[in-house]
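Visitor: For the sequence shown, counting from 1, position 282 maps to 281 in numbering that gives the first Met the number 0; every step adds exactly one. Have a look at the structure that comes next, please.
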Amino acid sequence: MCYATSIMMESVPAPMLLGDLVRRGAPDSPAWFAPDGDRTFGEASRNIAALGRALRSAVSNATPVAVLGENSGRYIECLYGIPDAQHAALLLNYRHHPTEWLAMLERTGANVVFGDAELLHRLGPVASKAGVVLRLIAFGESTSAWTEQYDDFIAAANEGGTIATTPLDSTGGSLPTDTAWLVPTSGTTGTPKIAKLTHRSLQVAAFGCHLARPVRDDDVYLFAFALCHVAAYNILVYHQRGRPIALLRRFEPMALLDIIESRRCSAASLAPTMIATLMEMPDVLKSRDLASLHTIGYGSSGIAEPLLRRAIHAFGCDFSQGYGMTELSGNVAFLNAVDHQRGLADAPHLLATAGLHTPLVEWRIIDDEGREVPNGTVGEIAVRGEQLMSGYLNDEQATALAIIDGWLHTGDLGELSDDGYLRVVDRKKDVIITGGENVASREVEAVLYDYDGVRAVAVVGIPDERWGERVTAAIVLDPNASVSADMLIAHCRTRLAGYKVPRRIQFLSELPMNTTGKVEKHRLRDLLATPPSFATEREIQL
């Protein structure tokens with residue numbers, strides 16, 4: 000059942016290529032403000048067309064082309080230009096090791112890589128040692144023997160020609176149903192799969208986001224996530240409406256505040272971990288002019304209510320939450336500003352939800368046999384709509400398990416209220432089974448987070464001979480916080496059933512995170528199985 004406001008499907012833009020979003024923009028209007036240079040929509044259109052022409056002359060048809068770099072305007076050109084030229088853009092995580100990049104290239108067959116010179120310089124020797132021949136094309140200056148220059152690559156294919164600004168579907172052969180981006184899943188549970196996102200699925204996700212969180216006619220959008228993640232679809236949300244992007248190379252608190260002031264950013268997307276970092280700088284925030292902000296969207300993980308209240312007070316703007324995943328080409332649900340206001344006033348249960356789904360998708364909660372369960376019953380979240388991925392690359396078995404009769408089985412556990420609000424309980428793989436009882440790690444995390452001095456928390460199950468799994472909490476404290484394991488255990492006992500109370504508390508200097516601010520729980524389990532020397536821990540016997 001669709002609980003969100005209905006909309007005629009005729010309102011959804013006709014299928015097009017991603018590059019059409021840029022080509023439709025007013026030529027003299029800014030498309031992005033980036034560390035490596037600003038571009039108007041007209042300039043961006045010409046650059047994207049030139050990149051497409053170069054790719055068609057240099058790369059075998061339909062072969063994936065990789066992008067490896069931190070955020071830049073050149074990266075955005077690749078997000079549009081590579082798929083426009085009938086290639087899928089493989090988004091490599093710049094934080095990974097060169098051997099991981101090489102493994103991903105070999106899995107996909109990509110042998111051309113655009114990216115930052117310093118990253119390509121790390122990849123080149125590893126590929127050479129493995130006997131893999133790659134063409135590495137560097138953004139900006141590079142003196143490395145492993146790379147060639149991006150500008151030279153473009154010029155070689157466009158010399159003496161007029162750069163076209165018309166769609167490439169008539170010459171490049173691209174179709175809206177083609178794969179546009181190959182995005183590895185976040186890999187929080189191990190080896191990532193590679194989701195195939197099409198021009199159409201990304202476009203529908205972007206339009207659904209606009210319907211749920213409308214883009215204003217004067218918006219300037221601050222993007223602080225990494226472009227190598229599905230969060231890059233937010234670029235499409237604003238370009239679809241002809242509005243510019245203010246791009247951070249990477250998340251840095253002072254740089255973020257600088258760009259809000261200098262570009263008068265009106266909307267932004269941040270991870271809760273980014274918001275928590277900013278909240279540690281109250282005096283700096285007070286000294287900045289942040290009045291241009293009207294909305295901060297947060298996602299990637301839930302947010303603790305005390306942190307949310309502090310952030311709303313500090314920024315003085317609306318907050319909105321998004322829920323989605325790579326396989327959905329972006330978000331499918333939003334808890335909007337009005338819901339946040341209600342939640343903070345007299346409906347606190349709303350803050351524990353992910354909100355309502357967009358008008359362009361359906362969802363239902365199902366049991367292990369795929370049967371829909373009643374409202375208020377926990378089950379797996381299943382989603383149907385045009386923004387689903389077309390499948391996992393070269394993995395028919397995983398695709399068949401994930402998409403059944405047109406429904407994506409998300410792997411998330413949740414429940415629906417009678418008025419259609421979704422509460423995400425946990426990842427199925429993160430449910431801890433201890434002494435025969437199921438424990439949702441998110442529930443324990445929420446209780447621990449609600450203790451003064453706790454900056455970050457993650458709860459996992461660690462194998463235990465007696466209990467099957469031990470509920471184990473990793474805690475990062477605020478600087479100078481005086482919090483002991485006994486204090487946290489006592490706090491949990493006032494809020495949780497005995498079997499849910501952590502049997503082990505371990506204090507860490509930081510949690511292992513991916514580029515979107517999600518805790519990599521498979522890495523955390525490894526850390527806790529063999530406690531690192533920099534951590535202090537306390538075993539709790541119940």
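Each residue gets a CB set at the ideal place from its N, CA and C atoms; glycine is no exception.
1. With DSSP as the reference, label Gln202 as helix, strand or coil.
2. Drop a sphere of 10 angstroms on the beta-carbon of Ile432, count the other beta-carbons inside from all chains shown, and report buried for 16 or more, exposed for fewer.
3. Output the boundary residues of the beta strand (DSSP E) element that contains Glu379.
4. Any idea which residues DSSP pairs Thr585 with across the strands?
5. Using the DSSP secondary-structure output, state which residues sit across from Tyr498 in a beta bridge.
6. Following the continuous beta strand (DSSP E) through Met278, name the residue where it begins and the one where it ends.
7. Using alpha carbons as the reference points, say which of Tyr149, Arg363, Leu16 lies closest to Pro175.
8. Assuming Ile474 contacts Leu487 under a Cβ cut-off of 8 Å, what Cβ separation, rounded to an integer in Å, is found between them?
9. Considering only the alpha carbon of each residue, which of Thr276, His96, Pro358, Ala144 lies closest to Leu210?
10. State the DSSP-derived secondary structure class of Ile302, mapped to helix, strand or coil.
11. Below 8 Å between beta carbons: does that hold for Gln386 and Gly434?
12. Using DSSP bridges, identify the partner residues of Glu361.
13. Can you grab the Cα-Cα spacing for the pair Arg383 / Pro305, in whole Å?
14. Just mark Leu122 as buried or exposed, buried being the case when its beta carbon has 16 or more other beta carbons within 10 Å.
15. Give the DSSP-derived three-state secondary structure of Ala163 in the structure shown.
16. At 4 residues or longer, what runs of the alpha helix (DSSP H) sit wholly inside the segment 50-97?
17. Nearest CA to the CA of Asp394: which residue from Thr142, Gln85, Gly139, Thr190?
18. For the beta strand (DSSP E) containing Met324, name the first residue and the last one.
19. Name the residue from Val459, Leu507, Met388, Gly405 whose alpha carbon lies nearest to the alpha carbon of Gln202.
20. Let me know if Val453 comes out buried or exposed under the rule of 16 or more other beta-carbons within 10 Å of its beta-carbon.
21. State the Cα-Cα distance for the pair Gly342 and Lys520, rounded to the nearest angstrom.
22. Considering only DSSP beta bridges, list what Pro462 is partnered with.
23. Under 8 Å: do the segment 134-147 and the segment 108-120 share three or more Cβ pairs, one atom per stretch?
24. Roughly how many angstroms lie between the CA atoms of Ser440 and Pro501, to the nearest whole one?
25. With a CB to CB cut of under 7 Å and the five nearest residues on each side skipped, what residues in its chain are close to Ile47?
26. Going by CA-CA distance only, name the one from Asp317, Thr184, Gly516, Ala353 that's closest to Ser265.
27. Please list the terminal residues of the continuous beta strand (DSSP E) segment that includes Gln340.
28. Just verifying my parser: in three-state terms, what is the DSSP assignment at Gln505?
29. Give the DSSP bridge partners of Met512, in chain order.
30. Which stretch, first to last residue, makes up the beta strand (DSSP E) that contains Gln148?
31. What's the gap between the Cα of Leu167 and the Cα of Ala49?
32. Could you spell out the range, first to last residue, of the beta strand (DSSP E) harbouring Asn437?
33. Alpha carbon to alpha carbon, how far is Thr165 from Ser261?
Guide: On the basis of the supplied data:
1. On the sequence shown, residue 202 is found 203 positions in, with the first residue counted as 1. The answer is helix: DSSP assigns Gln202 an H, G or I state.
2. Here residue 432 is taken as the residue at index 433 of the sequence shown, counted from 1. Exposed, by the Cβ-count rule.
3. Here residue 379 is taken as the residue at index 380 of the sequence shown, counted from 1. Per DSSP, Glu379 belongs to the beta strand (DSSP E) from 378-384.
4. Residue 585 is absent from the model: the chain starts at 0 and stops at 541.
5. If you number the sequence shown from 1, residue 498 lands on position 499. Partner(s): none; Tyr498 has no beta bridge.
6. Counted from its first residue, the sequence shown places residue 278 at position 279. Not the beta strand (DSSP E): Met278 falls in the alpha helix (DSSP H), residues 271-278.
7. In the sequence shown, counting from the first residue as 1, residue 175 sits at position 176. Out of Tyr149, Arg363, Leu16, Leu16 has the C-alpha closest to the C-alpha of Pro175.
8. Residue 474 sits at position 475 when you count from the first residue of the sequence shown. Residue 487 sits at position 488 when you count from the first residue of the sequence shown. Cβ atoms of Ile474 and Leu487 come within 8 Å of each other, at about 7 Å.
9. Taking the first residue of the sequence shown as position 1, residue 210 is located at position 211. Looking at the Cα atoms, Pro358 is the closest of the given residues.
10. Locating residue 302 in the sequence shown gives position 303, counting from the first residue. Here Ile302 carries a coil assignment [DSSP, helix/strand/coil].
11. In the sequence shown, the residue the question calls residue 386 occupies position 387. In the sequence shown, the residue the question calls residue 434 occupies position 435. Against a cut-off of 8 Å, the Cβ pair of Gly434 and Gln386 comes out as no contact.
12. Mapped onto the sequence shown, residue 361 falls at position 362. Beta-bridge partners of Glu361 (DSSP): Arg383.
13. Residue numbering aside, residue 383 sits at position 384 when the sequence shown is read from its first letter. Residue numbering aside, residue 305 sits at position 306 when the sequence shown is read from its first letter. Distance from the CA atom of Arg383 to the CA atom of Pro305, rounded to whole angstroms, is 34 Å.
14. Within the sequence shown, numbered from 1, the residue matching residue 122 stands at position 123. Residue environment analysis places Leu122 among the buried positions, since at least 16 neighbouring C-beta atoms fall within 10 angstroms of its C-beta.
15. Taking the sequence shown and counting its residues from 1, one reaches residue 163 at position 164. Model confidence at Ala163 stands at a pLDDT of 42, short of 50, so the residue's coordinates are unreliable and nothing is read from them.
16. 72-83, all fully within the segment 50-97.
17. As a working note, residue 394 is residue 395 in the sequence shown. Cα-wise, what sits closest to Asp394 is Thr190.
18. Locating residue 324 in the sequence shown gives position 325, counting from the first residue. Where Met324 is concerned, the enclosing beta strand (DSSP E) stretches over 317-324.
19. Mapped onto the sequence shown, residue 202 falls at position 203. Of Val459, Leu507, Met388, Gly405, the residue nearest in Cα terms is Met388.
20. Stepping through the sequence shown from its first residue, residue 453 is reached at position 454. Residue environment for Val453: buried (at least 16 other C-beta atoms within 10 angstroms of its C-beta).
21. Position 343 of the sequence shown, counting from 1, holds the residue named residue 342. Position 521 of the sequence shown, counting from 1, holds the residue named residue 520. So the two alpha carbons sit approximately 29 Å from each other.
22. Locating residue 462 in the sequence shown gives position 463, counting from the first residue. Looking at the DSSP assignment, Pro462 forms a beta bridge with Glu468.
23. Yes, they touch.
24. To locate residue 440, count along the sequence shown from 1; it is residue 441. To locate residue 501, count along the sequence shown from 1; it is residue 502. Distance from the CA atom of Ser440 to the CA atom of Pro501, rounded to whole angstroms, is 10 Å.
25. Mapped onto the sequence shown, residue 47 falls at position 48. The residues are Gly18, Val21, Glu76, Tyr79, Gly80, Asp83.
26. In the sequence shown, residue 265 corresponds to position 266, counting from 1. Out of Asp317, Thr184, Gly516, Ala353, Asp317 has the C-alpha closest to the C-alpha of Ser265.
27. Here residue 340 refers to the residue found at position 341 when the sequence shown is read from its first residue. Where Gln340 is concerned, there is no enclosing beta strand (DSSP E), although the alpha helix (DSSP H) it sits in stretches over 336-344.
28. Residue mapping note: residue 505 aligns to position 506 of the sequence shown, counting from 1. Taken through DSSP and simplified to helix, strand or coil, Gln505 comes out as strand.
29. Taking the first residue of the sequence shown as position 1, residue 512 is located at position 513. Paired residue(s): Val518.
30. For the purposes of this step, residue 148 is identified with residue 149 of the sequence shown, where counting begins at 1. Looking at the DSSP string, the run of the beta strand (DSSP E) that includes Gln148 is 146-148.
31. Position 168 of the sequence shown, counted from the start, is the residue given in the question as residue 167. Position 50 of the sequence shown, counted from the start, is the residue given in the question as residue 49. Annotation note: pLDDT 40 at Leu167 (below 50); position unreliable, no value reported.
32. Position 438 of the sequence shown, counted from the first residue, corresponds to residue 437. Annotation for Asn437: the continuous beta strand (DSSP E) segment containing it runs 436-438.
33. Counted from its first residue, the sequence shown places residue 165 at position 166. Counted from its first residue, the sequence shown places residue 261 at position 262. At Thr165 the pLDDT is 42, less than 50, meaning the model places this residue with poor confidence; the figure from the coordinates comes in the next sentence. The straight-line gap from Cα to Cα measures roughly 33 Å.
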